[in-house]
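Visitor: Input: one structure, supplied below.
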Amino acid sequence: MTIETVTVNVTSPGRNFVTLKIVTSDGVVGWGDATLNGRELSVASYLRDHLASTLVGRDEDRIEDTWQYLYRGAYWRRGPVTMAAIAAVDMALWDIKAKKAGMPLYQLLGGASRDAVRVYGHASGTDYEALKDAIAGYRELGFTAVRVQTGVPGLGQIYGVSASGPGVRYDYEPAKRSADGSPAVAPTEEVWDTRAYLSHMPGVFSRIREDFGTGLRLLHDGHHRMTPIEAARFAKDVEPYDLFWLEDCTPGEDQAALRLVRQHSTTPLAIGEVFNTVYDYQTLITERLIDYVRSAVTHTGGITAMKKLLDFAAVYGIRSGIHGPTDVSPIGMAAALHLDLAIHNFGIQEYMPHNERTLEVFQTSFTFNRGFLHPGDAPGLGVELDEEEASATSFTSAYLPVNRLTDGTVHDW
Ligand code: GCO
Ligand code: MG
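Residues 0 to 412, numbered by numbering that gives the first Met the number 0, are exactly what the sequence shown covers, in order.
Right under this line is the structure:
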């Protein structure tokens, strides 16, 4: 059989998503996620204007060959737009293959290596009391791991902190439309001060350990904001609080920066949500400069590429921590969960539940139970898009914020 139609769906059920639909000549439907936060239309165009026609008529079973055809065949390699487009095709083809086999995808990846996938949730608060409430809420839901982000005295809205106040745990959405909900014409701007952050955060972890004990796994995201020596200091300062990981402590494109952090601290390091190929990790993995691979399946060339990346990491004792924010669609999330369940070197999975509107339109078969997710046993990825419902919403541009230091200098967000 062959690929008959390739369609790109750009809609906004709860937030913007780019979804690829591939249908085979015998009517099997495969879904892929190509959502790239704030740059959605570039990927949609790449798929529609450059890839769709080259896929029609190809054998849908030749997943590796199609991957290589799209990657090597473009001549221009890598980059988030290209790799998100390839990822969507790859996911859709795996979805089709597993549906044809009548199996959940994880069975084709070697079967389950564990009963379910440990996830971490996002706890945040503008101050410590709000953060404490949020952590307690996650514990009630059975979470054994939480990422903690909190406001820094003297700074306003910053990355990772829900502005809606305590108790509201699932509503953090950094990509902003205009205040009245209309399309954003430009990103909002935030103000950042690394000195204030470095002196505030260790005390927060100390209080969390006092209030919640040593059992809870604590994660934290530095969101690319520290210099190598600042990150080294931070990683060392928080060592007594036993972090599960410190994520993105320095900007990811400078792989050598983590050598310095490693020389000073045993705090485990995670990086990679802005990476898009295994080459971004070459130094990090072979020199064992990280402990967790943070790529999203959606942004790193799909299931085919992620499986290879994670197998490569396994050789060096490095584990997975697949990116799972709300800007990855439920299809991308399902792809992550099948990999998580199947690979041996699983670490943890990020889980930011999608809002109700999103989940009405993307019908998922994954289940949450007391801090663990399971991808479900529906054939394929286990997610179907309700196209009619989806088309009732239209793309509304939204951008991630831009960050500036207190003197106005543009800084990493
Ligand atoms: C995370 C990430 C996200 C990103 C977002 C950008 O660790 O989940 O840092 O919150 O900021 O995916 O689009
Ligand atoms: Mg992150």
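We treat Cβ as the ideally placed atom computed from N, Cα and C, and that holds for glycine.
For Ala83, which residues in the same chain have their Cβ closer than 7 Å to its Cβ, ignoring the five residues on either side in sequence?
Guide: Ala33, Leu35, Val42, Thr297 and His298
Visitor: Counting only beta-carbon atoms, is Leu372 nearer than 8 Å to chain C?
Guide: Of the protein chains in the structure, only one exists, and it is not chain C.
Visitor: Our contact map puts Asp94 next to Leu380 with C-beta atoms below 8 Å; I'd like the distance itself, whole angstroms only.
Guide: 5 Å
Visitor: Give me the residue from Arg356, Pro329 and Val314 with the minimum Cα distance to Thr366.
Guide: Nearest of Arg356, Pro329 and Val314 to Thr366, Cα basis: Pro329.
Visitor: For Ser364, which residues from the same chain have a beta carbon less than 6 Å from its beta carbon, with the 5 sequence-adjacent residues on both sides left out?
Guide: The residues Gly375, Ala377 and Gly381, in chain order, have a CB closer than 6 Å to that of Ser364 in the same chain once the five nearest residues on each side in sequence are set aside.
Visitor: For Met351, collect the residues of the same chain with a Cβ closer than 8 Å to its Cβ; drop the 5 residues on either side in sequence, then sort them by chain order.
Guide: Gly120, His121, Tyr169, Tyr171, Gly323, Pro324 and Thr325
Visitor: Can you give the Cα-Cα distance for Glu3 and Leu154, rounded to whole angstroms?
Guide: Those two C-alpha atoms are separated by around 53 Å.
Visitor: Looking at the unbroken alpha helix (DSSP H) that takes in Gln67, where does it start and where does it end?
Guide: Ile62 to Gly72
Visitor: Using a Cβ distance threshold of 8 Å, determine whether the segment 222-229 contacts the segment 198-214, with at least three qualifying pairs required.
Guide: no
Visitor: Compare the Cα-Cα distances from Thr392 to each of Met0, Arg318 and Thr10 and report the closest residue.
Guide: Thr10
Visitor: On the criterion of 16 or more Cβ atoms from any shown chain inside 10 Å, does Ala185 qualify as buried, or is it exposed?
Guide: Exposed, by the Cβ-count rule.
Visitor: Excluding sequence positions up to five away, which residues of its chain have a Cβ less than 6 Å from the Cβ of Trp244?
Guide: Within its own chain, the residues whose Cβ lies closer than 6 Å to the Cβ of Trp244, once the five positions on either side in sequence are excluded, are Leu218, Pro267, Ala269 and Tyr291, listed in chain order.
Visitor: Is the closest heavy atom of ligand 1 to the C-beta of Leu399 under 7 Å?
Guide: yes
Visitor: Check Asp253 in the structure and name its three-state DSSP category.
Guide: coil
Visitor: Within the present structure, is the beta-carbon of His298 separated from the nearest heavy atom of ligand 2 by less than 7 Å?
Guide: Because no heavy atom of ligand 2 lies under 7 Å away, the Cβ of His298 does not count as near it: no.
Visitor: Taking the alpha carbon of Asp345 as the point to measure from, which residue in Arg117, His410 and Phe394 has its own alpha carbon closest?
Guide: A quick correction: the sequence has Phe, not Asp, at residue 345. For the residues Arg117, His410 and Phe394, the minimum Cα distance to Phe345 belongs to Arg117.
Visitor: In terms of residues, what are the limits of the beta strand (DSSP E) holding Arg403?
Guide: For Arg403, the enclosing beta strand (DSSP E) covers residues Val401 to Leu404.
Visitor: Per DSSP, which residues does Phe243 bridge with? Please list them.
Guide: Its beta-bridge partners do not exist; DSSP assigns none.
Visitor: To which residues of the same chain is Gly166 closer than 7 Å at the C-beta, ignoring the five residues directly before and after it?
Guide: With a pLDDT of only 47 at Gly166, under the threshold of 50, the placement of this residue in the model should not be trusted, and no figure is reported.
Visitor: Nearest-angstrom Cα distance between Arg113 and Leu340?
Guide: In this model, Arg113 and Leu340 are separated by some 6 Å (Cα to Cα).
Visitor: CB of Asp114 to nearest heavy atom of ligand 2: below 7 Å?
Guide: Flag unset: Cβ of Asp114 not near ligand 2.
Visitor: Given this structure, state the Cα-to-Cα distance separating Ala234 from Asp247, to the nearest angstrom.
Guide: Taking the CA atoms as reference points, Ala234 sits about 11 Å from Asp247.
Visitor: Is Glu272 near ligand 1, judged by its Cβ being under 7 Å from some heavy atom?
Guide: yes
Visitor: In angstroms with no decimal places, state the Cα-to-Cα distance between Thr53 and Asn402.
Guide: Each residue's alpha carbon lies about 40 Å from the other.
Visitor: Shorter than 7 Å, the distance from the beta carbon of Arg227 to the closest heavy atom of ligand 1, or not?
Guide: With the sequence shown as reference, residue 227 is identified as Pro, and Arg is not the correct amino acid for it. Result no, Cβ not under 7 Å from ligand 1.
Visitor: May I ask you to report which of helix, strand or coil DSSP gives Phe345?
Guide: coil
Visitor: Measure from the alpha carbon of Thr405 to the alpha carbon of each residue in Thr193, Lys98 and Ala129, then state which is nearest.
Guide: Thr193
Visitor: Could you have a look at Val118 and say whether DSSP puts it in helix, strand or coil?
Guide: strand
Visitor: When the Cα of Gln416 is compared with those of Ala162, Met332 and Thr265, which residue comes out closest?
Guide: In the structure displayed, the chain extends from 0 to 412; residue 416 sits before or after that span and is not available.
Visitor: Look up Ser435 in the DSSP assignment and give the residues it is bridged to.
Guide: In the structure displayed, the chain extends from 0 to 412; residue 435 sits before or after that span and is not available.
Visitor: Go through its chain and collect everything with a Cβ distance to Asn354's Cβ below 6 Å, but skip five positions before and after it.
Guide: Gly13
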